[in-house]
Structures are given as structure tokens and as C-alpha cells.
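In our numbering, the protein residues as written are 65 to 318. C-beta atoms are modelled at their ideal positions from N, C-alpha and C, and glycine is treated no differently. Nothing here was measured: the structure is a model prediction, and the numbers come from that model. Notes follow once the structure below has been shown.
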Amino acid sequence: AHAAAVGEGVTVDLTDPTQTSELAAGKWTGRASAKTLLKNLRRRWEHRKISNLQYLIHLNTLAGRSYNDLTQYPVFPWVLSDYTSETLDLSDPSVYRDLSKPMGAQDPKRAEQYKKRFVEWVEPDEERPTPRFHYATHYSSAAYVTFFLLRLEPFTSAHVQLQGGKFDHADRLFSSVAETWQSASRGSLADVKELTPEFYYMPDFLLNVNSLDLGSGRSGTSLGDVELPPWAHGSADEFVRKMRQALESEHVSA
């Protein structure tokens, strides 16, 4: 049921990560090209044969992203924009982020600042010119992956290594979903990060299950579990369940 014809007598199991990983790595031994596989993958998604999560995982694989590489880790989008309400109505379009725009354009005022930077860019070094740019950062990086997955190994050790042998200051660690959304969507010109796939299937990364000493923030409160939106009712399982429901919603799928 999950095999798609891609050429003369050739089928590809679109749910088999081994096959898609081989293709992305340039080791595919069948007759299918990445373009053909993508075409069939899109057709199955359009016909609701695979979920949005499956589709995004496969797109990441075809793009050469891998769970084994922090610098090319799979990327998933922020889907919701409401992380402060007591309840969450997934039939209300206003609770979703604008998926037609990147994170840097979610807030019109911040988008204008990026445009101004691009238009008014003055080259500081004529001998080694820097092309005009909107964003001075990226939506995904090894630092962002370990930021989100800090509480789980091997990401804990990777974070410590990136920070020179210690945890970053508590105020810069992932402590609140709402604050992280605020920063990435409108609060800072240096933050346009998207999410990792774990937000849609793994509640464990939100919990300090290993009792890590992450220090205390400016408020004096010790960091432990990630602070969740009120609509999650203090449950990491409920948070991930709602996130997955939003990802698979008709609003996102349409």
C-alpha cells in the first residue's frame, strides 16, 4: 500500500527511510531520480495517502537532511502562533502561523526592518564584499538543534561541547515555548529559527528527565522542564498531541 511506481518495473517504498536516505545520499541503485520520487511523494500527499508529518520527513530526507548530522538536521515549521491562551481551538485560523511566509516575515514591522537592511546595506569591505542580505542568521543550525533538544542525550553532550565544556547561561537556554516563539516570530532580528521534528511526536525532550543542573535565570528560578503553553495544562504529552493535531489539521493540509 505504501509502494509507488517510479519507472519501468521500479517501485519505491515511500515510508522506508532506508530507501529515501540512500537516494538523498546519492547511493540509490534503482532507476528513480529524486525529481521522480518527489513527484510521486507529492501525489501521495495530495491524495491524503501519507500524513503531513510523513511528507515533511521525506522532504527533509530528499533535501539531504539527516538525524545523524546536527548541521543538516531535519527542519519542521512552527505551525501554531498561539502559545498563551488557556484553550486552543484548532478550527480557528487565527491560532496558526502564516505558512505562506518565512519566520522573518511573520511580523510586518520586523519584516520592514529586514527589507530596510537589504535596501540600505553599505558594504564595509570593498576588497571582500558581502552580498546584500535580509537575515544575518539561519532557520536551522547545530546550535538551534541542541538548544531545543538540550535535555536529552546525545544533544546534552553536543550542547556542552559547542559551549566550550559547559552549559550556556540559563537565560539563553530553552525554557519556555511561548518566549521562544515570541523571539523567533517578532522579538529579535537575530532569531528566525524553525523547529525540530520532535515537537510533533516526542514529549520527552521537554522534560528534564536526567535532572540536569541547568542553572538559574535572572528571576532566580532554577531551570527544569520547559514551560508549556497554558492550553497544554502542564502536560508534555498533551502539548505534543495538540501540536501534532495542528500539523495534521485541515488548515495546514489545505
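Under 8 Å between C-beta atoms of residue i and residue j
| i | j | result |
| --- | --- | --- |
| W185 | R192 | no |
| S239 | V290 | yes |
| E258 | S204 | yes |
| T135 | A206 | yes |
| Q177 | L253 | yes |
| H297 | Y160 | no |
| V256 | P138 | no |
| M64 | V304 | This structure leaves residue 64 out entirely; the chain is present only between 65 and 318. |
| G168 | H202 | no |
| L214 | T260 | no |
is_contact[residue i, chain B] using C-beta, thresh 8 Å
| i | result |
| --- | --- |
| R161 | Here chain B cannot be found, since the structure has a single protein chain. |
Alpha carbon of residue i to alpha carbon of residue j, nearest angstrom
| i | j | result |
| --- | --- | --- |
| A300 | F219 | 19 Å |
| W142 | E190 | 38 Å |
| L126 | A98 | 7 Å |
| L278 | E217 | 14 Å |
| K306 | T244 | 18 Å |
| T151 | P294 | 7 Å |
| R174 | L105 | 35 Å |
| H223 | D171 | 30 Å |
| K179 | Y147 | 27 Å |
| E312 | S130 | 22 Å |
| F269 | S145 | 20 Å |
| A248 | E110 | 30 Å |
| E187 | R181 | 12 Å |
| D153 | N132 | 36 Å |
| R397 | R308 | Nothing about residue 397 can be read from this structure; the chain reaches only from 65 to 318. |
| L276 | T210 | 14 Å |
| P43 | G228 | The structure shown does not extend to residue 43, since the chain is modelled only from 65 through 318, so no value can be given for it. |
| H233 | F140 | 26 Å |
| I114 | G284 | 46 Å |
| L87 | K103 | Per-residue confidence for L87 stands at a pLDDT of 49, beneath the threshold of 50, marking its modelled position as unreliable; the derived number appears in the next sentence. Each residue's alpha carbon lies about 14 Å from the other. |
| S280 | T194 | 39 Å |
| Q246 | T100 | 39 Å |
| S286 | F231 | 13 Å |
| S149 | L226 | 35 Å |
Opening and closing residue of the alpha helix (DSSP H) in which residue i lies
| i | result |
| --- | --- |
| F269 | Here F269 belongs to no alpha helix (DSSP H), and DSSP marks it neither H nor E. |
| F211 | A206 to F212 |
| R305 | A300 to L311 |
| H315 | E314 to S317 |
| Q225 | F219 to L226 |
| E243 | V241 to Q246 |
Problem - Completely contained alpha helix (DSSP H) runs for the region 90-145, where each covers 4 or more residues - result: 98-110 and 116-126
Exercise for the section: Counting only runs of 3+ residues fully inside the region 165-202, write out the beta strand (DSSP E) ranges in chain order. Expected result: none
Handout entry: Three or more C-beta pairs below 8 Å linking the region 119-137 and the region 231-238
Key = no
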